[in-house]
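Take any residue in the sequence shown, count from 1 to its spot, add 17: that is its number in this note's numbering. Heads up: the structure comes next, in structure tokens.
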Amino acid sequence: MGLPLSHYFIYTGHNSYLTGNQLSSGCSEVPVVKALHDGVRVIELDLWPNAAKDAVEVLHGRTLTSPVDLDKCLHAIRDHAFVSSPYPVILTLEDHLTPDLQSKVAKMIKQTFGDMLYTCESENMSEFPSPDDLKGKIIVSTKPPKEYLQTKNNADADEGGVWGEEISDDKPPPAAEKSSAAAEEAAAVLEQEEQEAAETDKKTQPQGVDNEYMRLIAIPLTRRKHDMDQDLKVDPGRVSRLSLGEKAYEKAIVSHGAHIITFTQRNLLRIFPRSTRITSSNYNPLMGWRYGVQMVAANMQGHGRKLWLTQGMFRANGGCGYVKKPEILMNRDPEKLFDPTSTLPVKTRLKVMVYMGDGWRFDFRKTHFDKCSPPDFYARVGIAGVEADTRMEETKVMMDTWIPTWDHEVEFPLSVPELALLRVEVHESDNHQKDDFAGQTCLPVWELRRGIRSVRLFSHKGEPLRSVKLLMRFDFS
18 MGLPLSHYFI YTGHNSYLTG NQLSSGCSEV PVVKALHDGV RVIELDLWPN AAKDAVEVLH
78 GRTLTSPVDL DKCLHAIRDH AFVSSPYPVI LTLEDHLTPD LQSKVAKMIK QTFGDMLYTC
138 ESENMSEFPS PDDLKGKIIV STKPPKEYLQ TKNNADADEG GVWGEEISDD KPPPAAEKSS
198 AAAEEAAAVL EQEEQEAAET DKKTQPQGVD NEYMRLIAIP LTRRKHDMDQ DLKVDPGRVS
258 RLSLGEKAYE KAIVSHGAHI ITFTQRNLLR IFPRSTRITS SNYNPLMGWR YGVQMVAANM
318 QGHGRKLWLT QGMFRANGGC GYVKKPEILM NRDPEKLFDP TSTLPVKTRL KVMVYMGDGW
378 RFDFRKTHFD KCSPPDFYAR VGIAGVEADT RMEETKVMMD TWIPTWDHEV EFPLSVPELA
438 LLRVEVHESD NHQKDDFAGQ TCLPVWELRR GIRSVRLFSH KGEPLRSVKL LMRFDFS
């Protein structure tokens with residue numbers, strides 16, 4: 018943990034204060050506390066003036082979300098920042114404030130965090146400190162309002178073709194219950210309003226920005242120039258942070274994939290979900306990790322396979338919220354620069370045996386899966402990684418048993434095992450309706466140990482199931 022921050026993937030949240038959907042849920046310090054306990058190291062707060070313009074609230078602006086006092090969020094961060102990990106918490110502030118309110122925020126942050134607050138003596142850093150250097154510290158990083166704006170939503174580019182239909186119990190917000198078209202329209206209006214507000218350049222911002230507020234900023238955000246060549250230009254004497262929205266990033270990896278890898282070898286890049294993900298769904302985080310993006314922001318309020326991947330990645334390194342990037346992403350030789358879209362030779366083969374599972378009979382009612390008979394379980398086992406390695410296999414269905422024995426073996430040839438995650442799901446087969454979900458886990462391949470292992474499963478929401486485990490064997494050749 019002694020390398021600069023840019024050498025690590027960092028567990029990153031998006032709109033960390035939201036309790037549910039992006040349009041009409043509540044705002045609270047409770048999701049912030051949960052995220053910190055889960056190991057999240059980057060917390061995002063959106064700061065807005067209250068109705069009287071004399072205090073600061075945290076909310077998703079220009080939506081129906083109900084606000085929470087900034088003071089509650091700051092105290093929650095102070096009290097819970099290092100419960101699960103000693104490594105630094107980065108607090109990103111989405112600032113919509115006047116200078117006088119910025120001054121109030123500066124005083125609140127300094128009074129609340131005290132010696133926990135990290136401040137940088139130099140205005141420009143030539144290299145980021147390491148997680149070890151920053152143990153027990155809270156770091157403030159700002160971004161302009163423009164940062165999280167995106168254009169209107171297109172169809173979601175999903176990888177469900179490999180893993181199957183998404184599993185979701187998300188309830189859509191009221192705006193979406195009447196029609197998806199109405200929800201899309203509401204989100205598009207939100208984006209348009211945010212974009213109009215964000216187009217204001219620094220030169221036209223209110224004058225008199227508080228100096229104390231500015232001194233809090235340890236990791237400044239580089240304002241986008243909307244020229245990707247310029248945005249991703251590497252300054253050998255200075256490091257910075259850049260933020261790109263989901264759609265902008267998707268375009269950038271097509272036209273500037275190599276530039277992104279080079280940029281993230283020294284600088285920090287954050288990508289974040291588009292605002293039309295109304296139900297707090299997520300994109301595939303691997304599209305960021307494949308190119309060395311450190312801060313792949315996730316809606317922790319949502320559920321589903323994309324979030325499971327994020328949770329799985331950050332089970333690595335003891336769950337401390339920082340995972341060292343593989344060396345293939347840090348090679349600075351232009352002729353050896355990693356290309357995640359290229360076909361590479363197989364580096365290793367992972368053999369997985371799924372013997373059996375047990376524990377459902379203790380954690381679920383007898384009628385939870387089938388009213389009239391024991392459940393019919395099957396398992397799905399696969400790899401999420403670079404496109405060439407992504408694959409899924411399915412066991413046979415074991416009929417009428419709470420203790421299924423599959424004895425199913427599968428081999429996965431891996432070209433980039435350093436970016437591979439083993440995905441495991443168990444479902445209960447139902448001929449008449451959608452199969453029932455029965456547990457899942459996601460494990461970093463590079464941390465798997467050879468031999469027979471007991472593997473705990475997690476719920477749809479990512480919470481550990483008390484008793485449910487699979488007996489599996491792992492081997493490499």
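Note that the Cβ used here is the ideal one computed from N, Cα and C, for glycine as well.
Residue burial classification, residue i (beta-carbon count within 10 angstroms, cutoff 16)
{"i": "Ala68", "result": "exposed"}
{"i": "Leu237", "result": "For the sequence presented, residue 237 should be read as Pro rather than Leu. Buried, because 16 or more other Cβ atoms sit within 10 Å of the Cβ of Pro237."}
{"i": "His77", "result": "buried"}
{"i": "Asn334", "result": "buried"}
{"i": "Ile420", "result": "exposed"}
{"i": "Ala172", "result": "In this prediction, Ala172 has a pLDDT of 37, which is less than 50 and means its spatial position is unreliable; nothing more can be read from the coordinates."}
{"i": "Pro392", "result": "buried"}
{"i": "Arg322", "result": "buried"}
{"i": "Ser494", "result": "exposed"}
{"i": "Pro351", "result": "exposed"}
{"i": "Phe386", "result": "buried"}
{"i": "Val271", "result": "exposed"}
{"i": "Lys70", "result": "exposed"}
{"i": "Arg287", "result": "buried"}
{"i": "Gly30", "result": "buried"}
{"i": "Pro223", "result": "With a pLDDT of only 46 at Pro223, under 50, the local geometry of the prediction cannot be trusted, and no value is derived from it."}
{"i": "His24", "result": "buried"}
{"i": "Gly254", "result": "exposed"}
{"i": "Glu61", "result": "buried"}
{"i": "Arg520", "result": "Given a span of 18 to 494 for the chain in the structure shown, any question on residue 520 remains unanswerable."}
{"i": "Ser298", "result": "buried"}
{"i": "Arg466", "result": "exposed"}
Proximal residues to residue i (C-beta, below 8 Å), its chain only, five neighbours per side dropped
{"i": "Glu213", "result": "Caution applies to Glu213, whose pLDDT of 41 falls short of 50 and renders its modelled position unreliable; the value that the coordinates give is listed next. Nothing listed; no residue qualifies."}
{"i": "Thr360", "result": "Ala405 and Ser432"}
{"i": "Ser158", "result": "Ile107, Leu108, Thr109, Leu110, Ile234, Ala235, Ile236, Pro237, Leu238 and Arg258"}
{"i": "Asp246", "result": "His273 and His276"}
Same chain, Cβ closer than 6 Å to residue i, five either side skipped, listed in chain order
{"i": "Ile345", "result": "Phe355"}
{"i": "Glu428", "result": "Arg366 and Lys368"}
{"i": "Ala275", "result": "Leu354"}
{"i": "Val414", "result": "Asp393, Tyr395 and Ser446"}
{"i": "Leu22", "result": "Phe145"}
{"i": "Glu263", "result": "Pro290, Arg291 and Tyr300"}
{"i": "His97", "result": "Val50 and Leu53"}
{"i": "Arg490", "result": "Met370 and Ile469"}
Anticipated Cβ contact below 8 Å, residue i with residue j, distance rounded
{"i": "Lys154", "j": "Pro105", "result": "5 Å"}
{"i": "Ser41", "j": "Thr82", "result": "7 Å"}
{"i": "Ser143", "j": "Val256", "result": "7 Å"}
{"i": "Gly10", "j": "Thr281", "result": "Given that the chain is displayed from residue 18 to residue 494, the structure contains no residue 10 and the question cannot be resolved."}
{"i": "Ile277", "j": "Ala269", "result": "6 Å"}
Same chain, Cβ closer than 7 Å to residue i, five either side skipped, listed in chain order
{"i": "Trp325", "result": "Gln457, Cys459 and Gly479"}
{"i": "Leu474", "result": "Val443, Gly456, Gln457, Thr458, Leu482, Val485, Lys486 and Leu487"}
{"i": "Pro362", "result": "Ser432"}
{"i": "Arg283", "result": "Ser23, Val251 and Val256"}
{"i": "Gly305", "result": "Ile288 and Val313"}
query = Where are the beta strand (DSSP E) runs, 3 residues long or more, that stay fully inside the segment 347-414, in chain order?
reply = Here the runs fully enclosed are 365-375, 394-401 and 408-411.
inquiry  = Going residue by residue through the segment 406-484, where are the continuous beta strand (DSSP E) segments of at least 3 residues, counting only ones entirely within it?
reply    = 408-411, 422-431, 438-445, 453-461 and 468-475
query = Are there three or more Cβ pairs, one per stretch, closer than 8 Å when the segment 141-149 is compared with the segment 110-122?
reply = no
ask   = Hey, is the segment 132-140 in contact with the segment 79-92, meaning 3+ C-beta pairs nearer than 8 Å?
value = no
inquiry  = For a minimum of 4 consecutive residues, which ranges assigned as the alpha helix (DSSP H) are wholly contained in the segment 59-119?
reply    = Listed in chain order, the alpha helix (DSSP H) elements of length 4 or more contained wholly in the segment 59-119 are 87-97.
Inside the segment 297-349 only - alpha helix (DSSP H) runs reaching at least 4 residues = 303-306 and 322-330
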